[in-house]
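To convert, note that position 13 of the sequence shown is 13 in the numbering used here; the numbers rise steadily by one, no gaps. Comments concern the structure below.
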Amino acid sequence: MSNIEEQIEQEREQARAVCDIKGAASGDCAAAWDAVEELQAEASHQRQSKPKNSLERYCDDNPGADECRIYEE
Numbered sequence: 001m002s003n004i005e006e007q008i009e010q011e012r013e014q015a016r017a018v019c020d021i022k023g024a025a026s027g028d029c030a031a032a033w034d035a036v037e038e039l040q041a042e043a044s045h046q047r048q049s050k051p052k053n054s055l056e057r058y059c060d061d062n063p064g065a066d067e068c069r070i071y072e073e
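If you want it as structure tokens, here you go:
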């Protein structure tokens, strides 16, 4: 999770630099801040992901177990 936080911070710094150079009303500035917002949305999505229950973890470790079989209709 810290990796995405580092990416967000890097994008923020880049967005500030672009806006200082190109101006706050430029399209490049808006695009840079859009990239920051997209990363923040992804970080939020990752935080909301529900943790796996014990059966899901067991099946990840033992995909061939009878309890983990998936039947198609």
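From the three backbone atoms N, C-alpha and C, an ideal C-beta is built for every residue, glycine too.
Query: Check this for me: beta carbons of residue 19 and residue 32, under 8 Å apart or not?; Result: yes
Query: Residue 65: which of 35, 24, 55 sits nearest, CA to CA?; Result: 55
Query: Excluding sequence positions up to five away, which residues of its chain have a Cβ less than 8 Å from the Cβ of residue 23?; Result: 29
Query: State the start and end residues of the unbroken alpha helix (DSSP H) segment that holds residue 73.; Result: Neither: residue 73 is in no alpha helix (DSSP H) and is coded neither H nor E.
Query: At the level of alpha carbons, what is the spacing between residue 39 and residue 11?; Result: 9 Å
Query: Which value, in whole angstroms, describes the spacing of the CA atoms of residue 74 and residue 52?; Result: Nothing can be reported for residue 74, as the shown portion of the chain is limited to 1 through 73.
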